[in-house]
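Numbering (full-length UniProt numbering), first residue to last: 1 to 173.
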(Lines of atoms letter the chains of each structure in order from A; the text may use other names.)
(Lines give C-alpha, C1' and ligand atoms only; values in the text may rest on other atoms or scores of the structure.)
Protein backbone atom coordinates (compact mmCIF):
# COMPACT_ATOMS: atom_id res chain seq x y z
CA UNK A 1 0.00 0.00 0.00
CA UNK A 2 1.23 3.47 -0.88
CA UNK A 3 2.14 5.84 1.96
CA UNK A 4 -0.03 8.64 0.54
CA UNK A 5 -3.00 6.26 0.69
CA UNK A 6 -2.32 5.71 4.39
CA UNK A 7 -2.37 9.49 4.88
CA UNK A 8 -5.75 9.67 3.14
CA UNK A 9 -7.16 6.87 5.31
CA UNK A 10 -5.90 8.62 8.44
CA UNK A 11 -7.44 11.88 7.23
CA UNK A 12 -10.80 10.20 6.57
CA UNK A 13 -10.74 8.39 9.93
CA UNK A 14 -9.93 11.60 11.80
CA UNK A 15 -12.71 13.42 9.92
CA UNK A 16 -15.16 10.70 11.00
CA UNK A 17 -13.77 11.01 14.52
CA UNK A 18 -14.53 14.74 14.52
CA UNK A 19 -18.10 14.02 13.41
CA UNK A 20 -18.55 11.38 16.11
CA UNK A 21 -16.97 13.65 18.70
CA UNK A 22 -19.40 16.45 17.89
CA UNK A 23 -22.44 14.17 17.88
CA UNK A 24 -21.60 12.14 20.99
CA UNK A 25 -19.58 14.61 23.07
CA UNK A 26 -22.32 15.04 25.69
CA UNK A 27 -22.72 11.30 26.32
CA UNK A 28 -19.47 11.06 28.28
CA UNK A 29 -19.32 14.03 30.65
CA UNK A 30 -15.84 15.20 31.59
CA UNK A 31 -14.06 13.51 28.69
CA UNK A 32 -12.48 16.88 27.88
CA UNK A 33 -10.88 16.87 31.33
CA UNK A 34 -8.98 13.64 30.59
CA UNK A 35 -7.93 14.30 26.99
CA UNK A 36 -9.05 16.72 24.32
CA UNK A 37 -10.44 14.82 21.33
CA UNK A 38 -10.57 18.02 19.30
CA UNK A 39 -6.85 18.62 19.71
CA UNK A 40 -5.90 15.01 19.05
CA UNK A 41 -8.08 14.79 15.96
CA UNK A 42 -6.88 18.15 14.64
CA UNK A 43 -3.28 16.95 15.07
CA UNK A 44 -4.05 13.77 13.08
CA UNK A 45 -5.88 15.75 10.38
CA UNK A 46 -3.05 18.25 9.97
CA UNK A 47 -0.37 15.54 10.00
CA UNK A 48 -2.27 13.54 7.37
CA UNK A 49 -2.90 16.55 5.16
CA UNK A 50 0.70 17.79 5.30
CA UNK A 51 2.02 14.26 4.84
CA UNK A 52 -0.18 13.64 1.80
CA UNK A 53 0.81 16.96 0.27
CA UNK A 54 4.52 16.51 0.93
CA UNK A 55 4.47 12.94 -0.48
CA UNK A 56 3.17 14.29 -3.78
CA UNK A 57 5.17 17.54 -3.91
CA UNK A 58 8.62 16.51 -2.67
CA UNK A 59 11.10 13.70 -3.13
CA UNK A 60 11.93 13.40 0.60
CA UNK A 61 11.84 10.03 2.31
CA UNK A 62 8.55 8.95 3.88
CA UNK A 63 10.03 8.96 7.39
CA UNK A 64 11.31 12.51 6.94
CA UNK A 65 7.89 13.60 5.63
CA UNK A 66 6.16 12.00 8.62
CA UNK A 67 8.48 13.74 11.07
CA UNK A 68 8.20 17.10 9.31
CA UNK A 69 4.42 16.97 9.00
CA UNK A 70 4.14 15.85 12.64
CA UNK A 71 6.32 18.75 13.77
CA UNK A 72 4.33 21.31 11.75
CA UNK A 73 1.07 19.83 13.05
CA UNK A 74 2.30 19.97 16.63
CA UNK A 75 3.14 23.65 16.29
CA UNK A 76 -0.19 24.52 14.62
CA UNK A 77 -2.25 22.47 17.08
CA UNK A 78 -0.46 24.12 20.00
CA UNK A 79 -1.16 27.58 18.56
CA UNK A 80 -4.84 26.72 17.99
CA UNK A 81 -5.09 25.45 21.55
CA UNK A 82 -3.40 28.51 23.08
CA UNK A 83 -5.05 31.20 20.99
CA UNK A 84 -8.51 29.74 20.27
CA UNK A 85 -9.55 26.95 22.66
CA UNK A 86 -8.20 28.43 25.91
CA UNK A 87 -9.76 31.91 25.37
CA UNK A 88 -13.07 30.33 24.34
CA UNK A 89 -13.13 28.16 27.46
CA UNK A 90 -12.45 31.18 29.67
CA UNK A 91 -15.11 33.24 27.90
CA UNK A 92 -17.67 30.45 28.40
CA UNK A 93 -17.00 30.37 32.12
CA UNK A 94 -17.28 34.12 32.54
CA UNK A 95 -20.66 34.32 30.81
CA UNK A 96 -22.37 31.86 33.12
CA UNK A 97 -23.15 32.19 36.77
CA UNK A 98 -22.74 29.83 39.65
CA UNK A 99 -25.76 29.09 41.78
CA UNK A 100 -23.62 29.66 44.86
CA UNK A 101 -23.14 33.25 43.67
CA UNK A 102 -26.84 33.78 44.35
CA UNK A 103 -26.53 32.94 48.05
CA UNK A 104 -26.96 36.05 50.19
CA UNK A 105 -28.64 38.01 47.39
CA UNK A 106 -32.08 39.55 47.57
CA UNK A 107 -34.97 38.44 45.40
CA UNK A 108 -38.69 38.96 44.94
CA UNK A 109 -41.29 36.21 45.28
CA UNK A 110 -43.17 35.83 41.98
CA UNK A 111 -45.08 32.64 42.88
CA UNK A 112 -46.20 32.35 46.51
CA UNK A 113 -44.10 30.01 48.62
CA UNK A 114 -46.21 27.79 50.93
CA UNK A 115 -44.78 26.39 54.16
CA UNK A 116 -44.57 22.86 52.78
CA UNK A 117 -44.08 23.37 49.06
CA UNK A 118 -42.35 25.17 46.25
CA UNK A 119 -42.68 28.69 44.90
CA UNK A 120 -40.63 30.86 42.60
CA UNK A 121 -38.36 33.86 43.07
CA UNK A 122 -36.86 36.39 40.69
CA UNK A 123 -33.32 37.70 41.18
CA UNK A 124 -32.26 40.88 39.39
CA UNK A 125 -28.76 40.58 37.98
CA UNK A 126 -26.50 42.77 35.87
CA UNK A 127 -26.96 40.47 32.89
CA UNK A 128 -30.72 40.06 33.33
CA UNK A 129 -33.19 38.35 35.61
CA UNK A 130 -32.80 34.88 37.03
CA UNK A 131 -35.83 32.82 37.98
CA UNK A 132 -35.37 30.01 40.55
CA UNK A 133 -37.58 27.52 42.33
CA UNK A 134 -37.71 28.29 46.02
CA UNK A 135 -38.70 26.78 49.36
CA UNK A 136 -38.80 28.29 52.81
CA UNK A 137 -35.67 28.16 54.92
CA UNK A 138 -37.71 29.24 57.93
CA UNK A 139 -40.70 31.42 58.71
CA UNK A 140 -44.30 31.74 57.59
CA UNK A 141 -45.49 31.26 53.98
CA UNK A 142 -44.52 34.08 51.65
CA UNK A 143 -46.89 35.92 49.32
CA UNK A 144 -46.16 37.21 45.85
CA UNK A 145 -44.16 40.45 45.91
CA UNK A 146 -42.40 39.74 49.21
CA UNK A 147 -38.71 40.65 49.34
CA UNK A 148 -36.59 37.67 50.42
CA UNK A 149 -32.97 36.80 50.96
CA UNK A 150 -31.46 33.62 49.53
CA UNK A 151 -29.90 31.65 52.38
CA UNK A 152 -28.57 28.72 50.35
CA UNK A 153 -29.01 26.79 47.12
CA UNK A 154 -29.44 23.02 47.35
CA UNK A 155 -29.94 20.87 44.27
CA UNK A 156 -30.95 23.90 42.21
CA UNK A 157 -33.60 25.10 44.67
CA UNK A 158 -33.21 28.36 46.58
CA UNK A 159 -33.91 28.23 50.32
CA UNK A 160 -35.19 31.67 51.25
CA UNK A 161 -36.57 33.69 54.13
CA UNK A 162 -38.26 37.06 54.31
CA UNK A 163 -36.26 40.12 55.24
CA UNK A 164 -36.72 41.02 58.90
CA UNK A 165 -39.11 43.97 59.40
CA UNK A 166 -36.40 46.47 60.40
CA UNK A 167 -34.44 45.67 57.23
CA UNK A 168 -37.49 46.27 55.07
CA UNK A 169 -38.09 49.67 56.61
CA UNK A 170 -34.47 50.77 56.37
CA UNK A 171 -33.65 49.42 52.93
CA UNK A 172 -36.86 49.93 50.99
CA UNK A 173 -38.30 53.19 52.30
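No residue lacks a Cβ here, since even glycine has one placed at the ideal position from N, Cα and C.
Once you ignore the five residues that flank residue 102 on each side, which residues in its own chain have a CB closer than 8 Å to its CB?
123, 130, 132, 150, 153 and 158
So the candidates are 156, 146 and 155; which of them puts its Cα closest to the Cα of residue 164?
146
Give me the residue from 109, 128, 126 and 127 with the minimum Cα distance to residue 120.
109
Whole angstroms are fine: how far does the CA of residue 21 sit from the CA of residue 27?
10 Å
Sufficient close CB pairs (3 or more, under 8 Å) joining the region 4-16 to the region 46-55:
yes
Can you tell me whether DSSP reads residue 92 as helix, strand or coil?
With a pLDDT of 49 at residue 92, under the threshold of 50, the modelled position of that residue is not reliable, and the figure given next carries that caveat. Residue state, collapsed to three classes: helix.
Pull up the CB-CB distance for residue 65 and residue 55, whole angstroms please, since I reckon it's below 8 Å.
The beta-carbon distance between residue 65 and residue 55, rounded to whole angstroms, is 6 Å. This is short enough to meet the 8 Å contact definition.
Under 8 Å by Cβ, that's how I've got residue 136 and residue 115 pegged, so tell me the actual separation to the nearest angstrom.
Confirmed, about 6 Å.
Same chain, Cβ closer than 6 Å to residue 99, neighbours up to 5 away in sequence not counted
The residues are 153.
Spatial neighbours of residue 18 within its chain, please: CB distance less than 7 Å, with the 5 preceding and 5 following residues excluded, ordered by chain position.
41
Since I believe residue 144 is in contact with residue 112 (beta carbons under 8 Å), could you give me their beta-carbon distance rounded to a whole number of angstroms?
5 Å
In terms of residues, what are the limits of the beta strand (DSSP E) holding residue 161?
For residue 161, the enclosing beta strand (DSSP E) starts and ends at 157-162.
Cα separation between residue 134 and residue 148?
10 Å
For residue 58: DSSP bridge partner residues:
Note: residue 58 sits in no beta bridge, so no partner.
Go ahead and pull the three-state DSSP assignment for residue 138.
The answer is coil: DSSP assigns residue 138 none of H, G, I, E or B.
So the alpha helix (DSSP H) residue 5 belongs to, where does it begin and stop?
3-24
Between the CA atoms of residue 140 and residue 25 - distance to the nearest angstrom:
46 Å
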